[in-house]
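J.: This structure is in structure tokens; I'll ask about it shortly.
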Amino acid sequence: MIEKTSTGKYRVRVDMGRDLHGKRLRNTKTVPTMREARALEHMWAEMARTDAVIRDHMRFDDFVIQYYLPDKEKHLRYNTVRRYKLEIKKRLLPAFSHKYLEDIKQRDIQALLDSCDTRNMAKVSRDVLRQILNMAMKYGYVKQNVAALTYDFPERAIRPEDHNGTWLTSFEQHDEFIEKIDNQLFKTVCVLGLSLGLRKGEIFGLDWEDIDLDHRVVHVKQTYVMEGSGYKLMAPKTAKSDRYIPLRYVATEYLKDLYESRGEPTGAVVINKYGYRASPNKCAERWTEYLQKHDLEKVSILNMRHSFATACVNAGMDIVKVSRMLGHTQISTTVSRYVRYKVDDIQEEFDRLSVGQKRD
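Residue numbers (our numbering): 39 to 398.
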């Protein structure tokens, strides 16, 4: 649009479309003559038309690098973005980097999923791709998210019960295991992991100020996670991760003794030999070495959380309460991924049910 101003000059206004957030873009400029105004209007209109054509044909790799990853880096934690980047680099870019977004077809995605070694690997690939194409659809690059269609996945692998380490299914087993630990750092990690079911970052993020030893309750309100170039204390993973967990008597007594032996300190509960908050990854590596050296059950820090959940359920605790203590947003997560049973436990349960029954 060209309009004459009160000073006799000409103001040019041309709509240039919208940015990636839907905000309207408009170029405006005042020039001395109508001839210049028409030339400028024509140039801007052509630029807007050309840009629209280019936007219709964005390559997959360009979209990921220019828009998807920068957006995720603004809103997600470092570790989450790192996992997305790894998935994109290993599988999505090799499969789709040469394609325009609108040229990615259902058969291409199925071929990618068929090439994955495991069902979980295929699902992760599909989920990340679905996120990318959701954003592309939102910004007008594709009309349909083909990653949201139905696909065949590799068969679920049947793994041995101890494929990711040993888990302990009762609090009695927890106490017996903790008694075997003669290293204060590792013993503290075990007490917090097995008695509270904390995530790794929550164990190392716990401060003495978060523990009420008199009322035997712990407030989980922060986590210690890798963020950029180093570890940082941050808010918990989700809103439900900010929670209160009761302490077992045996754990309370251990923490009381530890608190007094250190001179009633403040700050981090899990500390290294220099008195600073311990590194989760370094401690996890040393913990694995410690277990091997002392020929102990291979209970990983991750499996301490699973062991806690299973022990709670085996002790008769309601699954809703267990889920709340774990900080899960959905009970289904607790049931399907965290509570695990051993054949011996099931056999013992049958034996208890059989007590007093007549035999045929």
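Glycine included, each C-beta is placed from N, C-alpha and C at the ideal position. All figures in this text were calculated on a predicted structure; none of them were measured in a lab.
On the premise that Lys270 lies in contact with Gly365, defined as a C-beta separation below 8 Å, what is that separation, rounded to the nearest angstrom?
T.: Between Lys270 and Gly365 the Cβ distance is about 19 Å, and since that is not below 8 Å, they are no contact.
J.: Out of His344, Glu240 and Gly305, which one is the CA nearest neighbour of Pro318?
T.: Per the Cα distances, Glu240.
J.: Per DSSP, what kind of secondary structure is Ile92 in: helix, strand or coil?
T.: Here Ile92 scores only 48 on pLDDT, less than 50, and its place in the model should not be relied on; the value that follows carries that caveat. Three-state result, Ile92: helix.
J.: Is DSSP giving Tyr48 helix, strand or coil here?
T.: Looking at Tyr48 - three-state DSSP - the assignment turns out to be strand.
J.: Quick one: what does DSSP say Asn310 is sitting in, helix, strand or coil?
T.: Note: Asn310 maps to coil in three-state DSSP.
J.: Determine the DSSP secondary structure at Pro132, reduced to helix, strand or coil.
T.: Of the three classes helix, strand and coil, the one that applies to Pro132 here is helix, per DSSP.
J.: For the alpha helix (DSSP H) containing Val166, list its first residue and its last residue.
T.: Arg157 to Lys176 is the span of the alpha helix (DSSP H), which, as asked, contains Val166.
J.: List the DSSP bridge partners of Lys42.
T.: Lys42 pairs with Tyr48.
J.: Check whether the stretch 202-221 and the stretch 351-360 touch, using three or more Cβ-Cβ pairs below 8 Å as the test.
T.: Yes: the two stretches touch, three or more of their Cβ pairs being nearer than 8 Å.
J.: Per the DSSP calculation, Gly365 is bridged to which residue(s)?
T.: In the DSSP output, where bridge partners are listed per residue, Gly365 has none listed.
J.: Counting along the chain, where does the alpha helix (DSSP H) carrying Lys123 start and finish?
T.: Residues Tyr116 to Glu125.
J.: Does DSSP put Pro284 in a helix, a strand or coil?
T.: Reduced to three states, the DSSP call for Pro284 is strand.
J.: Since Ala174 and Val166 are thought to touch, with beta carbons under 8 Å apart, how far apart are those beta carbons, to the nearest angstrom?
T.: Contact flag wrong, Cβ pair sits at about 13 Å.
J.: Roughly how many whole angstroms lie between the Cα atoms of Cys154 and Ala160?
T.: Using only the alpha carbons, I get a separation of about 5 Å.
J.: Would you give the residue range spanned by the alpha helix (DSSP H) that Val229 belongs to?
T.: Here the alpha helix (DSSP H) through Val229 covers Gln222 to Leu234.
J.: If Tyr106 sits next to Ile170, beta carbons under 8 Å apart, how far is it from one beta carbon to the other, in whole angstroms?
T.: Right, their Cβ atoms sit about 5 Å apart.
J.: Applying the 10 Å Cβ sphere with the 16-neighbour rule, what's the burial state of Ala149?
T.: So Ala149 ends up on the exposed side.
J.: Apart from the five residues on each side of it in sequence, which residues of its chain come closer than 6 Å, Cβ to Cβ, to Ala75?
T.: Closer than 6 Å at Cβ, skipping near neighbours: Ile40, Tyr48, Val50 and Val69.
J.: Run through the DSSP bridge pairs and tell me what Arg254 is partnered with.
T.: According to DSSP, which records beta bridges pairwise, Arg254 is partnered with nothing at all.
J.: Below 9 Å between beta carbons: does that hold for Gly231 and Ile339?
T.: In contact: Gly231 and Ile339 (Cβ atoms closer than 9 Å).
J.: Report the residue from Phe224, Leu139 and Val227 whose alpha carbon sits nearest the alpha carbon of Ala185.
T.: Taking only the C-alpha atoms, the option nearest Ala185 is Leu139.
J.: Do you know offhand how far Thr156's Cα is from Pro192's?
T.: Approximately 6 Å between the Cα atoms of the pair.
J.: Go ahead and pull the three-state DSSP assignment for Asp411.
T.: Because the chain in this structure spans residues 39 to 398, residue 411 falls outside the shown range and cannot be described.
J.: Could you please give me the residues that DSSP links to Arg97 through a beta bridge?
T.: DSSP output for Arg97 lists Tyr138 as bridge partner(s).
J.: Please return the same chain residues whose Cβ sits closer than 7 Å to the Cβ of Ala83, not counting the five positions on each side in sequence.
T.: Only Val52 meet the Cβ criterion.
J.: May I ask you to report which of helix, strand or coil DSSP gives Arg315?
T.: If DSSP states are grouped into helix, strand and coil, Arg315 belongs with the strands.
J.: Assuming Arg164 and Asn183 make a contact with CB atoms under 8 Å, what is their CB distance in whole Å?
T.: The pair is not a contact, with the Cβ atoms about 11 Å apart (cut-off 8 Å).
J.: So what does DSSP say about Val263, is it helix, strand or coil?
T.: Strand.
J.: Looking only at its own chain, which residues have a Cβ that is under 6 Å from the Cβ of Arg281, when we skip the five neighbours before and after it?
T.: The answer, listed in chain order, is Val258 and Gly365.
J.: Quick check on Val69: does DSSP put it in helix, strand or coil?
T.: Note: Val69 maps to strand in three-state DSSP.
J.: Quick one: what's got a C-beta closer than 7 Å to Thr226's C-beta in the same chain, skipping five residues either side?
T.: Closer than 7 Å at Cβ, skipping near neighbours: Leu296, Val307 and Val308.
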